[in-house]
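With the working numbering applied, the sequence shown covers -16 to 98.
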Amino acid sequence: MTVTFDGGATHRFAEKSPEKRFYVVDDPVTFCQSGQWLYRFSSYGINSSITAGPPVPGSDQEVLTATLQPGSLTFEVTPPTLQRGAVVSFSFVLEDTASGETTAVSQEVQIRNVP
């Protein structure tokens, strides 16, 4: 397979790769909280202009939960080092509006991309 970058021979990556690797990714997926709703958007292709909010019109939209505590969804990315991969963590709080009972959910995912 041949990969050609914009700029040809003058193209430079923002960071150096000790093992001279780059990764090809699949279609992006976006998660968005709106009030107590958590949505998952997909099938909109790679679009570098998406900065915040829902993706472009025409994307697939799914409701993941309707009982999210407003403002509770957080994502954090810890960049990789030469000793370990990147870590993506997320958390949110589910809330039963009738009883006020809450359940905190959190997860860490290691992205294995170290040499």
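Ideal placement from N, C-alpha and C gives every residue a C-beta, glycine not left out.
- Residue state for Thr86 is assigned as strand, using DSSP reduced to three classes.
- Taken through DSSP and simplified to helix, strand or coil, Ala49 comes out as coil.
- The beta carbon of Arg23 sits closer than 7 angstroms to the beta carbons of Val12, Phe14, Glu45 and Leu47 from its chain, once the five residues preceding and following it are set aside; these are given in chain order.
- The Cβ atoms of Arg95 and Gly54 lie no closer than 7 angstroms to each other.
- Between Phe(-4) and Phe75, the alpha-carbon positions lie close to 34 angstroms from each other.
- Under the three-state reduction of DSSP output, Ala(-8) falls in the helix class.
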